[in-house]
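Heads up: the structure comes next, in structure tokens.
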Amino acid sequence: MMNSYVIDRRLNGKNKSAVNRRRFLERYKKHIKRAVNDAVNKRSITDMEHGESISIPSEDIREPSFGHGQGGRRTIVNPGNKEFVSGDRIAKPQGGSGQGGGDGQASDSGEGMDDFTFSITQDEFLEFLFEDLELPNLVRKDLKSMDDFVYRHAGYTNTGVPAKINVVRSLKNAHARRIALSGKSRRRLKEVIRLLAEEEEKDSALRSTALIDELLEEKLKLETKIGRLPFIDDFDLRYNLSAKEPMPSNAAVMFCLMDVSGSMTQATKDIAKRFFLLLYMFLRRNYEKIDVVFIRHHTSAKEVDEEEFFYSRETGGTIVSSALRMMDDIVRERYPTSAWNIYAAQASDGDNWNDDSPICQKLLEQSILPSVQYFSYIEITPRDHQALWHAYENVQASFPNQFAMEQIVDQGDIYPVFRQLFQRKVT
Amino acid sequence: MSIELTSPKDPRHEPITTSSEWTFERIQEFDRIIGAIAREYRLDTYPNQIEIISSEQMMDAYSSVGMPVGYHHWSFGKQFLQTQNNYERGFMGLAYEIVINSSPCIAYLMEENTMAMQALVIAHACYGHNSFFKNNYLFKTWTDATAIIDYLVFAKDYVAQCENRYGVEAVEKILDSCHALQNYGVDRYKRPAPISAAEERARQEEREQYLQQQVNLLWRTIPTAREEADQVKRARFPEEPQENLLYFIEKNAPLLEPWQRELVRIVRKIAQYFYPQRQTQVMNEGWASFWHYTLMNTMYDRGYVNEAFMFEFLSSHSSVIYQPPYDSKYYSGINPYTLGFNIYSDLRRMCEHPTDEDREWFPEIVGRDWLDTLHFAMENFKDESFIQQYLSPKVMRDMKLFCVYDDQDSPEYEIRAIHDDPGYRQVRSALADQYNLSTREPNIQIVDVNLRGDRSLTLKHTRHNNIPLNNECEEVLRHVHRLWGFDVRLESYDGDECVKRYRMPPEATSAEEPSLEHLRYV
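Chains as they are written, first to last, in our numbering: chain A, 15 to 441; chain B, 1048 to 1569.
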């Protein structure tokens, strides 16, 4: 009559609160952003790959309701009396409204003083970090987009062209089919072989040759029957299936140029690395298909991978134009402007061979800037600017929309400058 | 409360299991045995739906107050983050169970629990709470267990629909404001109409139109000569003070759109569903604790569980009903589990082993059938009256209850009464009063609407022992203002004297008052 049902719900989703959680984050975006900004300045470079613990003053997020305040006359019943008798009078604790023996009310308001703390994931961290930012001058280069496709693996199919046969899958199927179809015969075969052996072991007087012959014949028949099963059949065949996917038309390439010469101190490099790291994560986040080229230079430039770019050391003098020239070459070779949006960011401490700065200016003005969407330059130095900065100022004057430059003095500047350079432009 | 483990009286059965691991078969077997014993004790329950969930899912359940479906709102997200943070940092353990008042009665069991814990939870939630939900008069009056899930689904769909049509933000604003008033969404003395999702859905559109029509009538702006005359006669609207603020707003707020009224109604209806819970905490938790204790002991007596099982059970049981003394750093008020458990246990003791004191204090209980007495006590009271009726001198002595009087104007606390002969009655009344809803929440009612003038709404706060409102009051008034759409006033009275006035939006008094002062002195 009275029934209980036991239900296993563990396989149901555990993210029932996801929507409410997102609503909460959305509502307190301002607070969270502030916390994220602070966190970026405090974090080490290798530290961007995880979430963050966020604190918001409880005052700001409380849900108000009518309740009793302090004051008035109250009678409160408490447990655990030890020495009190009726009529005792106890002085209230001085200074502060803290009700020693408080009721629920008092503990509620006590709790209200604390900050409300919770964690956000790495994804959310980055989302808050990079909100409202975008790559400037993103032009849709869709000349080639119509006939640009990639083929992606999309499972298996049982029809297809011979070139697409998946050998392993097909043989697996064949094997399974052979096992399935020959099961009865092979079981009998085993039986026959066992009987044969038994019979042959018997004393010659008891041995029945007729039976042996019969068994031998059956054995042969079974073996041919099993042998007749085709090793591979048409319906065993499996083909790789590929799906045609259009290439996204927003192909973009980002050049990161950094000075790693002897004049760059470790601290300067750290700041530069942070800037690029921010940039790199930003790109990876905003654009699914994006190439990044890392070029570091001292007197000569070298294209390196991400790991080497951030974590290897070199010394020597400085010739900035070597990096610019290399970038120019790479653009020509691999990134035709008809198909790619080209962005570049350069970090340096401002040191350069004096003779080289005009060359840089010429390179930028004549060959690089006409083909790039945006070129940003950060100079990490507390000192006065040198020739390179002044040369770049000229560049900025002639290409105000494509060229931006900022100075960074210490770590605290990185994020504000980054935001400034990549702020979403309101048009 | 001392707990002794005596050897089984009549070991007629083999233990169901000696393992501490739970399996589905064992849970079913335990449920079957516990259910059978519960019926011997006349526990009348809704069918049970026992759901095994993970700790993550428990956190989800937590943040929606156990409601299996709920509309979306940021405050539930906040609750979730808070639970998650506290749990992951080890500041709190998760409750072993959550149970909600519905038919079937849904109880959540965490997969991390041992078999003994699962058995405790089944006894506590599926037979203790469940029978309370089904038989206590407040729950019978205020909630319809068979309809609640459907209603929650309706509410969720309706809110989502509004979000699609009017935007998340617009919906959120109304819900925020309603949540601020959700404790003021019940008529305490009127019996509510039962919730029915099907009816709600069917009538909702009809109601929208009808409601709007009514509101329009009330706010018709061209007064006729006849009405002017009426106006003198019927100066006040509402005629009687209204304690159900949300209901009044739903029916009378001049500017709300029909869908906004429906949202007010949804928050009101759901708050109403939780209303009995707020008033029967001691009774409900005490009842469930008393029964998990009694059922487990009966199982042990009959040999269904062994000593190891009982030790684990008793250790959990004693931490559940532990009451830290007032001067402990763990003290955060009276533990409702302890108080309730002690009162029910003492009721049984008075029936079975009465003393002279009991004969003097509870002549109508002594010697009666203990099951009759306990069921009657569970069915017909709420915390306030339950304590007033049944808190015995023995329980007061055991818990060493004492009564502290705190007057804001005095530099000292005064011990008014303790657990001794002259003090029992006073301690008991004071404790009962502590569970009186108007002691816990300020008494605020709507007393006036200025129908022909600025359409302002006036609330009256009647102070209890001159206790003022908290500092969130103005924030709440901002929400009332959002719902009402015109000026809102709140007057706080101590007796007949108006002690403080609030106004939303804040009054520009500084300009008027000095000029009056000035005139007076000219």
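We put the beta carbon where it would ideally sit given N, CA and C, even for glycine.
Which residue from the options puts its Cα closest to that of residue i?
| i | options | result |
| --- | --- | --- |
| A/V33 | B/H1120, B/R1073 and B/S1110 | B/H1120 |
| A/A353 | A/A359, A/Q360 and A/V345 | A/V345 |
| B/L1156 | B/R1212, B/G1113, B/R1349 and B/N1183 | B/G1113 |
| A/F296 | A/I90, A/R433 and A/S199 | A/R433 |
| A/E455 | B/V1200, B/S1224, B/L1498 and B/V1262 | Residue 455 of chain A lies beyond the range of chain A shown here (15 to 441); nothing can be said about it. |
| B/S1457 | A/D427, A/V274 and A/P107 | A/P107 |
| B/S1379 | A/P93, A/A359 and A/G364 | A/P93 |
| B/V1494 | B/Y1174, B/I1100 and B/F1284 | B/F1284 |
| B/Y1482 | B/H1422, B/T1420, B/M1330 and B/R1472 | B/M1330 |
| B/W1338 | B/S1432, B/T1190 and B/S1178 | B/S1178 |
| B/Q1324 | B/P1401, B/E1286, B/Y1351 and B/K1429 | B/K1429 |
| B/Q1075 | A/V20, A/S256, A/A177 and A/R35 | A/V20 |
| A/A266 | A/A281, A/D305 and A/G364 | A/D305 |
| A/D247 | A/L185, A/L225 and A/E214 | A/L185 |
| B/I1491 | A/V50, A/H82, A/S67 and A/L293 | A/H82 |
| B/Q1129 | B/F1201, B/L1167 and B/S1111 | B/S1111 |
| A/A451 | A/R166, A/I373 and A/F139 | Only positions 15 to 441 of chain A appear in this structure, which leaves residue 451 of chain A out of reach. |
| B/E1286 | B/N1518, B/F1533 and B/T1505 | B/T1505 |
| A/E320 | A/V307, A/T313 and A/E328 | A/V307 |
Based on DSSP bridge pairs, tell me the residues matched to residue i.
| i | result |
| --- | --- |
| A/N92 | B/F1449 |
| B/E1538 | B/K1507 and B/R1548 |
| A/C270 | A/F308 and A/A359 |
| B/Y1088 | In DSSP, B/Y1088 forms no bridge with anything. |
| B/L1156 | B/I1099 and B/E1144 |
| B/L1516 | A/H82 |
| B/N1010 | A query on residue 1010 of chain B cannot be resolved here, the shown segment of chain B reaching from 1048 to 1569 and no further. |
| A/R103 | B/E1461 |
| A/N254 | A/Y170 |
| A/F132 | A/I68 |
For residue i, does the count of other Cβ atoms within 10 angstroms reach 16, so buried, or fall short, so exposed?
| i | result |
| --- | --- |
| B/Q1208 | exposed |
| B/D1393 | buried |
| A/T135 | exposed |
| B/V1546 | exposed |
| A/L229 | buried |
| A/R310 | buried |
| A/K96 | exposed |
Could you spell out where the alpha helix (DSSP H) holding residue i opens and where it closes?
| i | result |
| --- | --- |
| B/H1422 | W1417 to E1426 |
| A/L143 | Q136 to F144 |
| B/A1172 | Run containing B/A1172: none; DSSP gives neither H nor E here. |
| B/H1060 | Note, B/H1060: premise wrong, no alpha helix (DSSP H); not H, not E. |
For residue i, which of helix, strand or coil comes out of DSSP?
| i | result |
| --- | --- |
| A/V20 | strand |
| A/Q421 | strand |
| A/Q434 | helix |
| A/H82 | strand |
| B/I1080 | helix |
| B/N1095 | strand |
| A/D369 | coil |
| A/S72 | helix |
| B/E1287 | coil |
| A/R166 | strand |
| A/G115 | Annotation note: pLDDT 39 at A/G115 (below 50); position unreliable, coordinate value reported separately. Of the three classes helix, strand and coil, the one that applies to A/G115 here is coil, per DSSP. |
| A/G126 | The predicted model places A/G126 with a pLDDT of 38, which falls under 50 and marks its position as unreliable; any figure quoted below should be read in that light. Coil at A/G126, not helix or strand. |
| B/D1495 | strand |
| B/D1543 | coil |
| A/K239 | helix |
| A/E322 | helix |
| B/I1381 | coil |
| B/I1221 | helix |
| A/K30 | coil |
| B/L1302 | coil |
If I follow the unbroken beta strand (DSSP E) through residue i, where does it start and stop?
| i | result |
| --- | --- |
| B/M1162 | Not the beta strand (DSSP E): B/M1162 falls in the alpha helix (DSSP H), residues M1162 to V1168. |
| A/Y391 | Y388 to I394 |
| A/K316 | A315 to V318 |
| B/E1459 | E1459 to A1464 |
| A/R208 | Unbroken run through A/R208 is the alpha helix (DSSP H), V181 to E215; no beta strand (DSSP E). |
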